[in-house]
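In my numbering, the protein residues as written are 173 to 360.
Backbone N, C-alpha and C define an ideal beta-carbon position, used for all residues, glycine too.
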């Protein structure tokens, strides 16, 4: 025999389930999605007639420390107008940088040592870019970048390639630096 309490609870569950089932049978009214405006991802610069690319000067300072190559990077705006660029990708510097050396005549890409925030690695969105304006004539330091140096390979020339993402697209660069083999590995 059912008590009054179980009867009331059972009828409530049945009533709610019935209402949900009736709503599920109704055709759904689709609402247009309201998307938040998002900053577009930087595209490679495609110049039109009369337009100029951003004038950026890239300076690199590299040191060999133990089993790592440590690089500091500077970006200077040489143009007459301010440029907005990516200064950070999450917890990492904003400029994409790769380093390559030659071992026995073959190019060898150095592995970047990434020190990201744990939340970035588990996030579905990934690292979020942080933009900042760079005024005309001003410079900005980024880094440090760290690369693993292979064991037994002498210090020598390093080829750097990089990409700076700015509001008008991407600027790519390439630099070669000869590292000194003295303690501290200061470049010459």
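With residue i and residue j assumed to form a contact (beta carbons below 8 angstroms), what rounded beta-carbon distance in angstroms separates them?
i           : j           : result
residue 255 : residue 306 : 5 angstroms
residue 247 : residue 267 : 7 angstroms
residue 250 : residue 230 : With a Cβ gap of about 11 angstroms, residue 250 and residue 230 do not count as contacting.
residue 321 : residue 236 : 6 angstroms
residue 343 : residue 336 : 5 angstroms
According to DSSP, simplified to helix, strand and coil, what is residue i?
i           : result
residue 273 : strand
residue 267 : coil
residue 287 : coil
residue 327 : coil
residue 313 : strand
residue 279 : strand
Need the endpoints of the beta strand (DSSP E) that residue i sits in, please.
i           : result
residue 233 : 228-237
residue 304 : 301-306
residue 348 : 341-350
residue 296 : No beta strand (DSSP E) holds residue 296; DSSP gives it neither H nor E.
residue 252 : Unbroken run through residue 252: none, as it is neither H nor E.
Are three or more beta carbon pairs between the region 231-241 and the region 307-323 nearer than 8 angstroms?
-> Enough Cβ pairs lie closer than 8 angstroms, so yes.
Flag this pair as touching only if the region 321-333 and the region 262-275 have three or more C-beta atom pairs under 8 angstroms; answer yes or no.
-> For the pair of segments examined, the region 321-333 was found to touch the region 262-275: the number of CB pairs separated by less than 8 angstroms reaches three.
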